[in-house]
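Undergrad: To convert, take the position in the sequence shown, counting from 1, and add 3; that gives our numbering.
What follows is a single structure, and I will ask about it in a moment.
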Amino acid sequence: MRAIVLVGGEGTRLRPLTLCVPKAVVPVVNRPMMFLILNWLKSHGVSEVVLSACYKPDILRKVIGRTYRGMKIDYIYEESPLGTGGAVKRAEKYINGTTVVMNGDILTDLDLSKMLKFHRQKKSRVSIALTQASNPSSYGVVETGRDGSVLRFLEKPSPEEVAGKVLNINAGVYIIEPGTLDLMKDGKVYSIERDIFPKFIGDGFYGFVSRNIYWMDLGTAAKYVKACRDILEGAYKVKGLEAAGKNVKFGGGSRAVRPSCIGSGTVVGGNSRIGELSVLGKNCVIGKNCVVERAILWDNVTIGDNCVISDCVLAGGVKVGASSSVTGETVLGEGSVLAPYSRLRA
Ligand code: GTP
């Protein structure tokens, strides 16, 4: 089976982390987010993936490549963003059988195989995965009938509209049949949720509801951090997750508290503590007498001596001068440099 994964967005809400890399390449426990999505797709029998790219496609292609664990990876590009609907239309030539379409910033363990069975049983033209969220008003809410048919879409409804109702949100995973997009025009900007799906209502469009699954869209820094912590705590399983990679070195009196994850080649100076829920990328250098906790450091980050780094995200190559403190949900973009004795709190 084939999947089309939408990865063309600029990831504006995740800036500055997405200023230098597309969201699909943002590291989650030291591997590109896309690898986690590809693992999940593979575990449900997907063998070919088309990445629908637009923002920073060269980086995407370089990092993800042409194959992944035996899956074939193709790319399709837009010169300017066509929106989630226009992008699927552009990839239409790849939809020559039942095809999975999904947003490329979702981490989930939803049972795609079961959804496929549901899709076939219902003889759906389009099936949409639905799940529950504690705050549905920040998502696209979908109302379904007793037989699962989709009745209504509410894009980011107000809290009043959703108060007291059990509502399902769009989980960003769809299964579609060939010919479904015939009425759409090539090269036009469309939103799949706003412009396309409402037109399918009453015409073989079903919602597949999953409860008690893991589901997170990694659209903001807070959700990105939450997803990393969930993985460390085992709420979302990632195979081959290691507490420490190759050649990690600890100076005398330094230690790491689990759950945490340290990339290969990272060096931690004496008397420093890598606290729980921290992720350190490859080849980071942490000085002496530092505390790093609940922080996410990408590759090649350098922290001087006597620093406190907590609850923050530091992108690749960030340099923090000695005796600094970076705390309170601070997010620093790639290559940021802080002078010694800096104090940063978001
Ligand atoms: P924000 O700018 O923060 O909203 O992020 P985004 O646009 O990257 O993500 P959004 O949640 O809006 O989009 C959901 C998924 O669709 C993401 O995986 C995006 O990469 C992808 N996407 C959004 N717009 C486009 C587009 O115009 N073309 C393509 N190919 N993919 C898109």
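For each residue, glycine too, the CB sits at the ideal point set by N, CA and C.
1. Closest by CA to Gly248, which one among Ile178, Ile7, Arg34?
2. Identify whether Thr15 lies in helix, strand or coil by the three-state DSSP scheme.
3. Can you name, in chain order, every residue of its own chain whose Cβ lies under 8 Å from the Cβ of Pro84, other than the five neighbours on each side?
4. Is the closest heavy atom of ligand 1 to the C-beta of Ser55 under 7 Å?
5. Taking Ser313 as part of the beta strand (DSSP E), name the residues at either end of that continuous run.
6. Judging by CA-CA distance, which residue of Leu235, Ser275, Thr21, Leu17 is the nearest neighbour of Ser263?
7. Could you check whether Lys291 and Ser313 sit closer than 8 Å to each other, using their CB atoms as the reference points?
8. Check Ala27 in the structure and name its three-state DSSP category.
9. Thinking C-beta only, is Ile277 closer than 8 Å to Val304?
10. Verify whether the separation of the beta carbon atoms of Gly107 and Val8 is less than 8 Å.
11. Would the region 224–234 count as touching the region 195–212 if we require 3 or more Cβ pairs under 8 Å?
12. Nearest to Ser137 by CA position, among Glu81, Thr101, Met219, is which residue?
13. Compute the beta-carbon to beta-carbon distance between Val271 and Lys252, rounded to the nearest angstrom, for a pair I have assumed lies under 8 Å.
14. Any heavy atom of ligand 1 closer than 7 Å to the Cβ of Lys126?
15. Measure the C-alpha to C-alpha separation of Ser116 and Gly143 and round it to an integer number of angstroms.
16. Only counting the same chain, and skipping five residues up and downstream in sequence, which positions put a Cβ closer than 8 Å to that of Leu154?
17. Determine, using beta carbons only, whether Met105 and Ala6 come nearer to each other than 8 Å.
18. Measuring alpha carbon to alpha carbon, tell me which of Val288, Glu163, His122, Glu332 ends up nearest Ala225.
19. Within a Cβ cutoff of 8 Å, which residues of the same chain sit near Gly284, ignoring the five residues on either side of it in sequence?
20. Please confirm whether any heavy atom of ligand 1 lies closer than 7 Å to the CB of Lys106.
21. Quick one: is Ser339 buried, meaning 16 or more other Cβ sit within 10 Å of its Cβ, or exposed?
22. Just tell me which of Ile109, Ala94, Val28, Val241 has its CA closest to the CA of Lys188.
23. On a CA-only basis, which of Asp206, Leu54, Asn173, Leu157 is nearest Arg128? Give me that one, please.
TA: By the coordinates alone:
1. Arg34
2. helix
3. Gly11, Gly12, Glu13, Cys57, Tyr58, Ala90, Val192
4. yes
5. 311–313
6. Leu235
7. no
8. helix
9. no
10. yes
11. no
12. Met219
13. 7 Å
14. no
15. 23 Å
16. Glu146, Thr147, Gly148, Ile204
17. yes
18. Glu332
19. Pro30, Asn33, Gly266, Thr269, Leu300, Trp301, Asp302, Asn303, Val304, Gly319
20. In the sequence as presented, Lys is not what sits at residue 106; that position holds Asn. Yes, the beta carbon of Asn106 sits closer than 7 Å to at least one heavy atom of ligand 1.
21. buried
22. Ala94
23. Asp206
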